[in-house]
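Asker: The numbering used here puts the first residue of the sequence shown at 55, with every later residue one more than the last.
Every residue gets a Cβ at the ideal spot worked out from N, C-alpha and C, and that includes glycine.
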Amino acid sequence: MSVPSRSESPQQVLQRVFGYDAFHGEQAEIIEYVCAGGDALVLMPTGGGKSLCYQIPALVRPGVGVVISPLIALMQDQVDALQALGVRAGFLNSTQDFGQRRDTEQALLAGQLDLLYLAPERLRVPATLELLDRAEIALFAIDEAHCVSQWGHDFRPDYLQLSGLHQRWPQVPRIALTATATAATRAEIAARLDLGRARHFVASFDRPNINYRIVPKDNPRKQLLELITGEHDGDCGIVYCLSRASVEDTADFLSRQGIPALPYHAGLDSGTRADHQSRFLREDRMIMVATIAFGMGIDKPDVRFVAHLDLPKSVEGYYQETGRAGRDGLPSTAWLAYGLPDVVQQRKLINNSEGDAARKRQLSAHLDAMLALCETVQCRRSQLLAYFGEQTGPCGNCDTCLQPAETWDGTVAAQKVLSCVYRLHQRRQHFGAGHITDILAGRSTPKIEQFGHQQLSVFGVGDDLDPVQWRAVIRQLLAQGYLAVESDHGTLGLTESSRAVLFDGAEVKLRRDPERRRPRTAPKQA
Ligand code: ADP
Ligand code: ZN
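1. What three-state label does DSSP hand HIS254 in the structure shown?
2. Cutting at 6 Å between CB atoms, please list the residues of its own chain near GLY443, excluding the five before and the five after it.
3. Are the segment 264-279 and the segment 228-236 touching by the rule of at least three beta carbon pairs closer than 8 Å?
4. So, under 8 Å CB-CB, HIS200 and THR239 are touching, yes? Tell me the CB distance rounded to an integer number of Å.
5. Heavy atom of the ligand ZN less than 7 Å from the Cβ of GLY7, yes or no?
6. Bridge partners of PHE145, per DSSP?
7. Cα separation between LEU296 and SER309?
8. Cβ of GLN457 versus every heavy atom of the ligand ADP: is any distance shorter than 7 Å?
9. For the segment 119-137 against the segment 172-189, do three or more pairs of beta-carbon atoms, one drawn from each stretch, fall closer than 8 Å, so that the two count as touching?
10. Quickly, what does DSSP pair THR29 with across the bridge? List them, please.
11. Once DSSP output is grouped into helix, strand and coil, what is the label at ALA560?
12. I need the straight-line Cα distance from THR100 to PRO355, nearest angstrom please.
13. Tell me whether TRP583 sits in a helix, a strand or coil according to DSSP, three-state version.
14. Does the ligand ZN have even one heavy atom less than 7 Å from the beta-carbon of GLY29?
15. If you run the structure through DSSP and keep just helix, strand and coil, what is PRO227?
16. Please confirm whether any heavy atom of the ligand ADP lies closer than 7 Å to the CB of ALA76.
17. Take HIS507 and list the residues in its own chain whose beta-carbon comes closer than 7 Å to its own, dropping the five residues that flank it on each side.
18. Tell me the DSSP bridge mates of PRO270?
19. Look at the Cβ atom of LEU170, then the Cβ atom of PHE209, and state whether they are nearer than 8 Å.
20. DSSP three-state label for ILE243, please.
21. Within 10 Å of its beta-carbon, does PRO64 have 16 or more other beta-carbons around it, so buried, or fewer, so exposed?
22. Roughly how many whole angstroms lie between the Cα atoms of ALA560 and VAL397?
23. Measure the C-alpha to C-alpha separation of GLY91 and VAL202 and round it to an integer number of angstroms.
24. Using DSSP bridges, identify the partner residues of TRP462.
25. Between ASP382, GLY380 and ALA361, which lies nearest to TYR372 when the distance is taken from Cα to Cα?
26. Excluding the five sequence neighbours on either side, which residues of its own chain have a C-beta within less than 6 Å of the C-beta of GLU242, listed in chain order?
27. Looking at C-alpha atoms only, which residue of GLN432, LEU394, GLN523 and GLY547 is the closest neighbour of GLN480?
28. Give the range of the alpha helix (DSSP H) segment to which CYS455 is assigned.
29. Any heavy atom of the ligand ADP closer than 7 Å to the Cβ of SER61?
30. Can you tell me whether ALA468 is helix, strand or coil according to DSSP?
31. Applying the criterion that 16 or more other CB atoms from any shown protein chain within 10 Å of the CB defines a buried residue, is PRO317 buried or exposed?
32. Taking only the alpha-carbon atoms, compute the straight-line gap between GLU62 and ARG413 and give it to the nearest angstrom.
33. Using a Cβ-Cβ cutoff of less than 6 Å, which residues in the same chain neighbour ALA347 once the five nearest sequence positions on both sides are dropped?
34. Leaving aside the five residues before and after VAL67 along the sequence, list all residues of the same chain whose C-beta is less than 8 Å from its C-beta, in chain order.
35. Mark THR42 as exposed unless 16 or more other C-beta atoms lie within 10 angstroms of its C-beta, in which case mark it buried.
36. Report the CB separation of PHE259 from GLU80 in whole angstroms; it is logged as a contact under 8 Å.
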């Protein structure tokens, strides 16, 4: 391990260059370790202050700190911000012309750079490697390190070759950073990046100022409007939707209600996207309605709420997206509306996804964990943190803590639904949740008449619950794996577990959806 040769200590750099008084959390320990030449794997939630963990060692150690980042769109901003602090920073990526690239390369070779940001694909180019050979390197920082995980949601093939850094420059310390990793992903990152001997720094993932809420979805737009006008009038927020079309529709809808909102998704041209992003960052009151294409690396401290109108695919995704709220530490809301169609749709997406059976099992496992979080009657936060390997008690700042949900014995209700599906299958008929609800409720719809479903023994056996409750039952049966989505039309099928309920009397526990809470103040618009 080489000894830092410059005269300033990390603490002095923190004050002089960045203007901060003290390190947060484990920053001081991490920085000291990397300054001394150690390899580190850093897990810290978004907003935890990961950047300083490599920026300061890059300034303290001789040579240039090379930062590998997939966020090409943010490099210019990051470099501008560093330069404004007097840090000699540059970047190399595909957005530059020859002249810009040459200037950066010359500065690097002249020893005039403290930090160099590199897109991972640059390292595929032999000329880049030869260029780095001719420079003195202080450290490699691998940002968004979870991108190396093939099972994760942000996989970047170019990240796989980053293990080559260690082979080519064995004496240069490496620091890999991410805001998202379960224990399994962490092990995968360490293995793939050849960080077997790295020290792991794992910060708490708790974001105590975020109030987590997951509500049954009935009329999502109206519910969103109530959230905004009732609790977040005039605030900045992000609304996540699954599809580009629903992003556009929702942004339109909010604008028509007089709420400033902009769409953001990969189908918009890059000029519009950049414009919307910068307006969102600049303006005090703006709602970004976006697909998950938006947000990685966005550092806006005063996002007061993150609303999901569709179910995220994984707990990691949910945590990342909700983590964009309240980075300034002030009270903020993470709100998700979730319903039966979400489960059907996500299961369908997995059925139709590319990839082998192992990949599908992975996706299902991710979704199951997310569904378990939605259906839990325990504290949301402690379940979320348990997913990241942290054990905590009830938090007092989530919906299930503040308004406890009950479970009820849903065995008989489950038997009714499952027998209905079973009877239909005996007739080689396959239907979705809507029709099954109609059969249980004993409603005479044209479709019921057409198929003669009044004759089924289960017709009308469900008058103990209303249609909304039946849909909640079916949603939970799907979430818990007692039902499967068997086709693109959302028709429902039985599973191994449903057989246990139908034939072996297995018990089913269901969550009673809480009554919808009225917003604290009435919405302005009816
Ligand atoms: P991350 O990359 O982990 O999401 P950042 O490195 O972008 O987080 O830091 C989040 C915010 O916190 C930034 O505005 C940063 O300047 C600020 N910050 C980081 N460390 C400190 C510190 N020790 N004192 C004060 N502010 C800090
Ligand atoms: Zn709680």
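Answerer: Based on what the coordinates show:
1. By one-based count along the sequence shown, residue 254 stands at place 200. It is a strand residue.
2. As a position in the sequence shown, residue 443 is number 389, starting the count at 1. Result list for GLY443: ALA237, in chain order.
3. The answer is no - the segment 228-236 does not touch the segment 264-279, with fewer than three Cβ pairs under 8 Å.
4. Here residue 200 corresponds to residue number 146 of the sequence shown, with the count starting at 1. Here residue 239 corresponds to residue number 185 of the sequence shown, with the count starting at 1. Confirmed, about 6 Å.
5. Since the first residue shown for the chain is 55 and the last is 580, residue 7 is missing from the structure and cannot be characterised.
6. On the sequence shown, residue 145 is found 91 positions in, with the first residue counted as 1. When DSSP reads this structure, PHE145 sits in a beta bridge with TYR171.
7. Residue mapping note: residue 296 aligns to position 242 of the sequence shown, counting from 1. Residue mapping note: residue 309 aligns to position 255 of the sequence shown, counting from 1. For LEU296 and SER309, the gap between their C-alpha atoms comes out near 19 Å.
8. The residue you call residue 457 lines up with position 403 of the sequence shown. Proximity of the beta carbon of GLN457 to the ligand ADP is not indicated: no heavy atom of the ligand is located closer than 7 Å.
9. With the cut-off at 8 Å, the segment 119-137 and the segment 172-189 touch.
10. In this structure the chain extends from 55 to 580, so residue 29 is not present and cannot be described.
11. As a working mapping, residue 560 is identified with position 506 in the sequence shown. Three-state DSSP puts ALA560 in coil, outside helix and strand.
12. Translated into the one-based positions of the sequence shown, residue 100 becomes position 46. Translated into the one-based positions of the sequence shown, residue 355 becomes position 301. Straight-line Cα distance between these residues: approximately 11 Å.
13. Nothing about residue 583 can be read from this structure; the chain reaches only from 55 to 580.
14. In the structure as shown, the chain starts at 55 and stops at 580, and residue 29 therefore has no counterpart that could be examined.
15. Along the sequence shown, read from residue 1 onward, the residue named residue 227 stands at position 173. Three-state result, PRO227: coil.
16. Against the sequence shown, residue 76 aligns to sequence position 22. Checking every heavy atom of the ligand ADP against the Cβ of ALA76, one is found closer than 7 Å.
17. For the purposes of this step, residue 507 is identified with residue 453 of the sequence shown, where counting begins at 1. Excluding positions up to five away in sequence, the list reads ILE493 and PHE513.
18. Taking the sequence shown and counting its residues from 1, the one referred to as residue 270 is at position 216. PRO270 pairs with TYR392.
19. Along the sequence shown, one-based indexing puts residue 170 at 116. Along the sequence shown, one-based indexing puts residue 209 at 155. No.
20. Here residue 243 refers to the residue found at position 189 of the sequence shown. Taken through DSSP and simplified to helix, strand or coil, ILE243 comes out as helix.
21. On the sequence shown, residue 64 is found 10 positions in, with the first residue counted as 1. Burial call: buried.
22. As a working mapping, residue 560 is identified with position 506 in the sequence shown. As a working mapping, residue 397 is identified with position 343 in the sequence shown. CA-CA distance, ALA560 to VAL397, rounds to 23 Å.
23. For the purposes of this step, residue 91 is identified with residue 37 of the sequence shown, where counting begins at 1. For the purposes of this step, residue 202 is identified with residue 148 of the sequence shown, where counting begins at 1. If you take the alpha carbons of GLY91 and VAL202, they lie about 23 Å apart.
24. Reading the sequence shown from its first residue, position 408 is the one you call residue 462. Per DSSP, LEU564.
25. Against the sequence shown, residue 372 aligns to sequence position 318. Check the Cα spacing between TYR372 and each of ASP382, GLY380 and ALA361: the tightest is with ALA361.
26. Stepping through the sequence shown from its first residue, residue 242 is reached at position 188. Hits under 6 Å: SER203.
27. Position 426 of the sequence shown, counted from the start, is the residue given in the question as residue 480. Ranking the options by Cα distance to GLN480, first place goes to GLY547.
28. For the purposes of this step, residue 455 is identified with residue 401 of the sequence shown, where counting begins at 1. That run of the alpha helix (DSSP H) goes 453-456.
29. Taking the sequence shown and counting its residues from 1, one reaches residue 61 at position 7. Taking non-hydrogen atoms of the ligand ADP into account, the C-beta of SER61 is found less than 7 Å away from none of them.
30. On the sequence shown, position 414 is the one that residue 468 refers to. DSSP, read as helix, strand or coil, puts ALA468 in helix.
31. Along the sequence shown, one-based indexing puts residue 317 at 263. It counts as buried.
32. Start at 1 with the first residue of the sequence shown, and residue 62 comes out as number 8. Start at 1 with the first residue of the sequence shown, and residue 413 comes out as number 359. When the Cα atoms are used, GLU62 and ARG413 turn out to be separated by approximately 49 Å.
33. Within the sequence shown, numbered from 1, the residue matching residue 347 stands at position 293. Spatial neighbours of ALA347 in its own chain (CB-CB distance under 6 Å, excluding positions within 5 residues in sequence) are listed in chain order as HIS319 and ALA320.
34. In the sequence shown, residue 67 corresponds to position 13, counting from 1. Excluding sequence neighbours, VAL67 sits near ILE110, LEU113 and VAL114.
35. No answer is possible for residue 42: the residues shown for the chain start at 55 and end at 580.
36. Position 205 of the sequence shown, counting from 1, holds the residue named residue 259. Position 26 of the sequence shown, counting from 1, holds the residue named residue 80. Contact between PHE259 and GLU80 does not hold, since the beta-carbon distance rounds to 13 Å and is not under 8 Å.
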